[in-house]
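Input: a single structure, listed below in structure tokens.
In my numbering, the protein residues as written are 8 to 236.
Below, the structure is given as structure tokens:
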């Protein structure tokens with residue numbers, strides 16, 4: 008799907024879509040990001056967000072969710088880099104009682120918790136090819152089986168994934184499945200690094216000074232314009 012940017016492009020600011028903790032910026036690159044997010048929010052296909060660490064990938068995912076028709080339902084984030092490989096299947100798909108030693112009670116996985124809403128899978132590039140096969144199957148069939156169960160659970164989930172890795176390179180190196188890559192890369196969104204949007208630094212400084220002032224119930228500090236330059 009090709010996304011065309013209409014002119015003029017909207018400014019992404021602290022009031023963007025009325026969303027708390029939004030992406031901040033009015034540079035040309037961030038105006039493009041804002042226009043893309045607005046378009047992505049109207050679709051229901053999988054989104055692949057790429058960008059360096061700290062570029063705001065989860066903020067972008069939350070904004071997409073908040074602007075979508077699913078905004079009244081759950082937004083469930085999962086960071087693959089923080090979960091051990093052997094626990095991923097249970098975390099995502101849940102398990103039934105007695106599925107393994109210590110499984111006294113059944114437990115819903117993140118897919119079920121996000122049903123009707125949005126599931127955000129961060130650091131997708133950190134998963135093994137073995138687990139990628141299971142994830143691909145769920146995305147293709149729209150259903151899964153909790154660990155220890157032989158009954159499929161139907162899903163209605165918008166999936167947004169993110170990575171700081173170059174997945175095309177990972178595919179060429181055999182570290183990421185090509186079929187999963189194309190399943191995820193339906194609607195791509197690339198976030199620029201701060202060095203590509205220097206004009207946004209004053210906005211970011213003011214935003215965070217005001218944010219922390221509110222949290223501490225203090226008057227916000229001000230930075231002289233000469234220091235901003």
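Every residue, glycine too, gets a C-beta built ideally from N, C-alpha and C.
Next on the checklist: Looking only at its chain, what residues have a beta carbon closer than 7 Å to the beta carbon of residue 143, apart from the 5 residues adjacent to it on each side?
Outcome noted: Stepping through the chain shown from its first residue, residue 143 is reached at position 136. Contacts found: 184, 186, 187 and 190.
Next on the checklist: Just to confirm the assignment: which complete beta strand (DSSP E) runs, minimum length 3, are found wholly within the segment 150 to 199?
Outcome noted: 165 to 170 and 194 to 197
Next on the checklist: Let's test the definition: count the other Cβ atoms within 10 Å of the Cβ of residue 139 and tell me whether it reaches 16, buried, or not, exposed.
Outcome noted: Against the chain shown, residue 139 aligns to sequence position 132. It counts as buried.
Item to check | Contiguous alpha helix (DSSP H) assignments of at least 4 residues, all confined to the segment 84 to 152 | outcome: 95 to 100, 117 to 120 and 136 to 148
Checklist entry - alpha helix (DSSP H) containing residue 44: first to last residue? => result On the chain shown, position 37 is the one that residue 44 refers to. 35 to 47 is the extent of the alpha helix (DSSP H) around residue 44.
Checklist entry - Cα separation between residue 82 and residue 120? => result Position 75 of the chain shown, counting from 1, holds the residue named residue 82. Position 113 of the chain shown, counting from 1, holds the residue named residue 120. For residue 82 and residue 120, the distance between alpha carbons rounds to 9 Å.
Item to check | For residue 102 and residue 112, the rounded distance between their alpha carbons | outcome: Within the chain shown, the letter at position 105 stands for residue 112. Within the chain shown, the letter at position 95 stands for residue 102. Going by the C-alpha atoms only, they are around 9 Å apart.
Item to check | Coil, strand or helix - residue 3 by DSSP | outcome: What is shown of the chain runs 8 to 236, which leaves residue 3 out entirely.
Item to check | Cβ contact check for the segment 64 to 77 and the segment 152 to 171: 3 or more pairs under 8 Å | outcome: yes
Item to check | residue 46 to residue 195 span [Cα, whole Å] | outcome: Working through the chain shown from its first residue, we reach residue 46 at position 39. Working through the chain shown from its first residue, we reach residue 195 at position 188. Answer to the nearest angstrom: the Cα atoms are 12 Å apart.
Next on the checklist: As a quick exercise: from 150, 231 and 63, pick the residue whose alpha carbon is nearest that of residue 212.
Outcome noted: Position 205 of the chain shown holds residue 212. Cα-wise, what sits closest to residue 212 is 231.
Checklist entry - Would residue 49 be called buried (16 or more neighbouring beta carbons within 10 Å of its own) or exposed? => result Here the question's residue 49 lines up with position 42 in the chain shown. Exposed is the call here.
Item to check | Local Cβ density within 10 Å of residue 207, reported as buried at 16 or more and exposed below that | outcome: Start at 1 with the first residue of the chain shown, and residue 207 comes out as number 200. Looking at its Cβ environment, which holds 16 or more other Cβ atoms inside 10 Å, residue 207 is buried.
Checklist entry - Taking the continuous alpha helix (DSSP H) assigned at residue 65, which residues delimit it? => result Residue 65 sits at position 58 when you count from the first residue of the chain shown. Element bounds for residue 65: 64 to 73.
Checklist entry - So residue 218 is in the alpha helix (DSSP H); what residue range does that whole segment cover? => result Reading the chain shown from its first residue, position 211 is the one you call residue 218. Element bounds for residue 218: 208 to 222.
Checklist entry - Given that a residue counts as buried once 16 or more other Cβ atoms are within 10 Å of its Cβ, and exposed if not, what is residue 57? => result To locate residue 57, count along the chain shown from 1; it is residue 50. The residue in question, residue 57, is buried, as its Cβ has 16 or more Cβ neighbours within 10 Å.
Item to check | Option nearest residue 125 by Cα separation, candidates 222, 229, 52 and 220 | outcome: Translated into the one-based positions of the chain shown, residue 125 becomes position 118. Of the listed residues, the one whose Cα sits closest to residue 125 is 52.
Checklist entry - Does the beta-carbon distance from residue 98 to residue 116 come in below 8 Å? => result Numbered from 1 along the chain shown, position 91 holds the residue referred to as residue 98. Numbered from 1 along the chain shown, position 109 holds the residue referred to as residue 116. Cβ distance < 8 Å, so residue 98 and residue 116 count as in contact.
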